[in-house]
Amino acid sequence: MDALVYPSFVKGEVNAPPSKSYTIRAIAAAMLAAGKSTIINPSSCDDALAMLNIAHSFSAEIKFNNQNLEIQGGLKSNPEIIYCNESALTARLMIAIAALSENKITITGSGTLLKRHLGNVNDPLEANGVKFTSNNGFLPVSVQGRLKPGYYLVDGSESSQFISGLLMALPLLNNDSQLIVNNLKSAPYLKMTLEVLRAFNVNIETKGTDVYLISGNQAYCPQNFIIEGDWSGAAFPIIAALLNGEIDITGLLPHSLQADKKLNTILEDIGIKTVCANNKLHLKKSEIPAFVADCTHTPDLVPALVILASQSAGKCRITGASRLFYKESNRALALKLEMSKLGIEIIINGNEIIIYPGKIQPGEVSSHNDHRIAMAMMIAGLIAEGPLLVKDVGCISKSYPQFIDSMQKCGARIKTILSD
């Protein structure tokens, strides 16, 4: 599916999409809990559905009730193969959780996930009794446990997702464990994991962000868990409003643990006022000064911030670019290439992206089959000098399937076209 986007002033109200990250973690916890859990306001994106299908493969009973999700969990059986679609979070969580079983389980996926290196997830597993094989560090991966309680040393420089998997699995062992994390780059995501664990009555003692003391013999208790709005998805309508519109965003928690809540801080630091009242975040067209933003811990904000920077008063810098190289696409290079087609110069200098502002030219761009690139390009189309064709936007279903519909309801002139 392609999208033909016309310059548009957007005005209205957007419900923030439910958090994909919280939904996946909550489904995993409900799968591990013996009894019925209810997940309220779950995401229906592709990645969340992949985790839901995995829960079903472990014989969890799943029922939708008034758009809420009821899961009767308890790990009643072990599948031979776990299929993660294109969800890196799901894959890395399940590598650790699957190692709870004495049976051999293969974790695989599709599309871009098969091209994303897993890092050294094998080292802590093999050091603690797990048989591990992979495709030279890529999926498919096979694990055969059972995990042993003990000492786990993990590198967190590329991703915290596997660490979240260990935090979910280790409390179920028959003795205590200690998890040490070196070079952690995504601490907020581990805080989210710990929040979900506490909600399901699993407790882990922390010392800073690098030491986790995990008592064994714990059990997940079934719970009702409410999914909050997603700051990373909401970043796109937020930027659209600031560039050419006036939008109220509902469903975002101002004190959320989500890393991408930092968007609000970035905007405030550069002098853009965001008004939060009556559970709504109000944003309107604003002058955008030149800015510097550190996205080391918030790489998912970069595509939206690049569009914002393109309409600023001067050269902008975004640091943390190295975190973009291993996403659904090489996002740094994808942004540089596609924005150059629109007349915007971007320079990648090591860990830094430099954006020179200018007028967005009409034409045709590619999403690189990356949901965040697709949404960024559609926002660019709303402020372009003429129509912009964005190719292959169906990938937005990975995180924010309602994006086009939400923007259309606010007046965005976006026409979807079935591609060959």
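Numbering (the working numbering), first residue to last: 9 to 428. Even for Gly, the Cβ is constructed at its ideal location relative to N, Cα and C.
Got a sec? Which residues, its chain only, sit under 6 Å from residue i by beta carbon, not counting five neighbours each side?
i      : result
Ala321 : Pro297 and Ala298
Tyr408 : Pro25 and Gly241
Ile274 : Ala301
Arg421 : Tyr14 and Ser16
Met59  : Ile32, Ile35 and Thr98
Leu83  : Phe66
Pro87  : Ser65
Could you round the C-beta distance between residue i and residue j to whole angstroms and report it? I think they count as a contact, below 8 Å.
i      : j      : result
Gln266 : Pro196 : 7 Å
Ile234 : Asn49  : 6 Å
Leu13  : Gly389 : The residue you asked about is not Leu; residue 13 is Val in the sequence shown. With 8 Å as the limit, Val13 and Gly389 qualify as a contact, their Cβ atoms being about 3 Å apart.
Leu332 : Leu250 : Their Cβ separation, rounded to whole angstroms, is 22 Å, which puts Leu332 and Leu250 out of contact at 8 Å.
Arg100 : Gly164 : Not really, about 12 Å apart at Cβ, beyond 8 Å.
Ile246 : Leu221 : Wrong, their Cβ atoms sit about 38 Å apart, outside the cutoff.
Phe208 : Ala68  : No, Phe208 and Ala68 are not in contact; Cβ-Cβ is about 14 Å, not under 8 Å.
Using C-beta distances below 7 Å, list every residue in its chain close to residue i, excluding the 5 sequence neighbours before and after it, in chain order.
i      : result
Leu435 : The question about residue 435 has no answer, for the chain in this structure spans 9 to 428.
Val210 : Pro179, Gln226 and Tyr228
Ala106 : Ile90, Ile113, Ile115 and Val151
Asn130 : Phe140 and Ser142
Val398 : Asp10, Ala11, Val13, Val373, Ser375, Ala382, Met385, Met386 and Gly389
Ser118 : Asn93 and Glu94
Leu108 : Gly153, Arg154, Leu155, Ala177 and Leu180
Lys406 : Cys53, Asp54, Asp55, Glu94 and His379
Can residue i and residue j be called in contact, C-beta distance under 7 Å?
i      : j      : result
Gly137 : Lys156 : yes
Gly224 : Asn182 : yes
Ile361 : Ile326 : yes
Glu1   : Lys417 : Shown here, the chain extends from 9 to 428; a query on residue 1 therefore has no answer.
Asp184 : Glu21  : no
Ser374 : Val401 : no
Ala37  : Val204 : yes
Lys71  : Pro230 : no
Tyr160 : Leu198 : no
Glu393 : Lys367 : yes
Ala63  : Met102 : no
Lys349 : Gly328 : no
Leu126 : Gly145 : yes
Asp54  : Lys28  : no
Is it buried or exposed for residue i, if we count other Cβ within 10 angstroms and need 16 for buried?
i      : result
Ser85  : exposed
Val283 : exposed
Ser16  : buried
Phe411 : buried
Asn377 : buried
Ile79  : buried
Arg339 : buried
Pro262 : exposed
Lys215 : exposed
Ile432 : Missing from the structure shown is residue 432; the chain here goes from 9 to 428 and no further.
Gln75  : exposed
Ser318 : buried
From the DSSP output, read off the bridge partner residues of residue i.
i      : result
Arg421 : Tyr14
Thr282 : Looking at the DSSP assignment, Thr282 forms no beta bridge with any residue, so it has no partner.
Phe233 : Ile47
Leu396 : Val13 and Gly371
Lys344 : None; Lys344 has no bridge partner.
Lys112 : Gln152
Ser172 : Bridge partners of Ser172: none, in fact.
Thr26  : Note on identity: in this sequence residue 26 is Pro, with Thr being the wrong assignment. Pro26 is bridged to Gly237.
Tyr160 : Leu187
Val300 : Arg325
His290 : Asp256 and Val283
Excluding five sequence neighbours on each side, which residues of the same chain lie with their C-beta closer than 8 Å to the C-beta of residue i?
i      : result
Ile404 : His379, Ala382, Met383, Phe411 and Ile412
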